[in-house]
Amino acid sequence: MRRFFSSISSNYPHYRPKNKIYKYSELISKYQNIAPGTKATDDNVTVVGRISSIREVSKKLTFIDLIRDGQSLQIVSTANVCQTHELVGKFNRGDIVQAEGYVGKTKTGELSLFIKETQRLSLCTENLTTAHFGIKDPEIRNRKRYVDMIVSPNTFRIFQNRFKMIKIIRDHLNSMDFLEVETPIISSELGGANANPFVTYLSDLNQEAYLRVAPELFLKMLVIGGFDRIYEIGKQFRNEDIGTWHHPEFTSCELYMTYATVDDLIHLTEDLIYKIAEVIVVEKDRDFYKPPFKKISIVPFLEQNIGSNIPLQSADRFELFIKGVEVVNAYQELNDPEEQRARFKHQMMDKMLGDVESCSVNENFVDALQYGLPPTAGWGMGIDRMAMLMSGLNSIKEVLAFPLMKSAKNKDLKVNKQRD
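Residue numbers 4 to 423, in the working numbering, belong to the letters of the sequence shown in order.
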């Protein structure tokens, strides 16, 4: 029993660093001008990271690549300098380690940490494939995304860019005096979009409820309550197809801007998307997202292409398509309560005729409209689709860290079947 606890302690020690832990970017910035073959022996530096590769040149010399937060650093262990060189020989690819030493450059000019002492912080008990081989089975990649991120720098970068994109959207909207708000995810009434909902049950109230298909109606109620510029980034739920462009749980950004027009939102869209592209799209592809975007007036375009006139039933709205995929939808919002009630009733008729996606009359929202909704422009963006397109991918699953999949019972999903 003592030996068991001793093994746990050595492989998963209680972590209390004695010195500052340097980020790799800090070391690169501070020591990038060191000449090849030289070392800054006066500076004692400590780093941590996951081992991505081990190259044992001899019993006395080992090169190890560490990765941390998407960056890599080479550490070098030599028997005559590293007090724990024997331990280095027991490291596995995937182990998380701490290394202390001094920074320098190899004769070939690679910035490295020449270690004096090292320690394993967490043992990786699974056999990891290398970045060169990667994980070929898409099902394993989707189910074990954390492994895919470890072994594939490109996968890690895709999700890093996705999360950066959300931050850019927040920062941009906040800079325009928008306020981020929250609205309910579970509601006793359905509304906001025509979609098939997920139905749940509120035990305490003894009634059915729905996961939201869109936050639209609650956001408009906040506008009625006095908020001028608001947005919400969050999850929506639609019990529909799982496909290349669709997923039952998806992330959207929805905003409302009072006393604004769809023209204002076109400018907002162009500026925002180019700002995202400047950060996460490779430089050679950024011009594709540079404003102004091509604009098509849909009725004249259709009349020209089908060769006949279309009865005029116009709406003040636009949709943005990128590479054939809809990513933004925007409207001048309806604020007439009687017209809204009439449209709800029309949707109710569709529902009675078998359209499961149509909504019932939402009297709470109609009641709210009677207090006066200011002239308002509304806008929504699909975050998942935008991330997919800007990453150059063809499936929305590739930008979902943990997409929904069928149960994996009785399936062998071991990554280490793919040994290199």
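Cβ atoms here follow ideal geometry from the backbone N, Cα and C, with glycine treated the same way. Remember, it's a predicted structure, so these values are computed and weren't measured experimentally.
The three-state secondary structure of Asp174, taken from DSSP, is helix. The beta carbon of Lys167 is closer than 8 Å to those of Val282 and Ile283 in its chain, skipping five residues each way along the sequence. When C-alpha distances from Leu182 are compared across Ile188, Ser190, Ile189 and Arg173, the shortest belongs to Arg173. Every beta strand (DSSP E) of 3 residues or more that sits fully in the region 53 to 134 is shown, in chain order, as 64 to 71, 74 to 81, 99 to 108 and 114 to 125.
Contact check for Val330 and Leu392: beta-carbon distance about 7 Å, within the 8 Å limit, so the pair qualifies.
When only Cα atoms are considered, Cys85 and Val285 end up about 40 Å apart. The bridge partners DSSP lists for Trp382 are Leu258 and Ala333. Per DSSP, the continuous beta strand (DSSP E) segment holding Lys238 begins and ends at Arg232 to Phe240. Sequence-distant Cβ neighbours of His17 in its own chain, meaning closer than 8 Å and more than five residues away, do not exist here. In this chain, Leu208 is not harboured by any beta strand (DSSP E), its DSSP state being neither H nor E.
Ile245 carries a coil assignment under DSSP once its states are collapsed to helix, strand and coil.
With 16 or more other CB atoms across the displayed protein chains lying within 10 angstroms of its CB, Arg96 is buried.
Measuring C-alpha to C-alpha distances from Pro39 to each of Ser61, Gly104, Tyr27 and Lys108 identifies Lys108 as the nearest.
Beta-bridge partners of Leu214 (DSSP): Ile189.
Under the 10 Å beta carbon count, Ile309 is surrounded by fewer than 16 other beta carbons and is classified as exposed. DSSP places Glu286 outside any beta strand (DSSP E), giving it a letter other than H or E.
For the pair of segments examined, the region 192 to 209 was found to touch the region 236 to 256: the number of CB pairs separated by less than 8 Å reaches three.
Three or more beta-carbon pairs drawn from the region 378 to 397 and the region 251 to 258 are found closer than 8 Å, and the two stretches are therefore classed as touching. Taking Ser13 as the centre and dropping the five residues before and after it, the same chain places the C-beta of Arg123 closer than 8 Å to its C-beta, in chain order. In this structure, Pro378 and Tyr262 form a Cβ contact; the two beta carbons are roughly 6 Å apart against a cut-off of 8 Å. Note that the C-beta distance between Leu64 and Val50 is not below 8 Å.
Closest in alpha carbon position to Gln163, among Ala102, Asn312 and Arg71, is Arg71.
Take the alpha-carbon of Asp267 and the one of Glu306: they are about 27 Å apart. The beta carbons of Ala196 and Leu205 sit no closer together than 8 Å. Exclusion of the five residues before and after Glu192 leaves Asn365 and Asn367 as the residues of its chain whose Cβ lies within less than 7 Å of its Cβ. The beta-bridge partner set that DSSP reports for Phe321 consists of Ala333. Where Ile309 is concerned, the enclosing alpha helix (DSSP H) starts and stops at Ile301 to Ile309. In the three-state DSSP reduction, Ile227 falls in the helix class (H, G or I). A Cβ-Cβ contact shorter than 8 Å links Ile67 with Ser80. For Tyr277, the three-state secondary structure derived from DSSP is helix.
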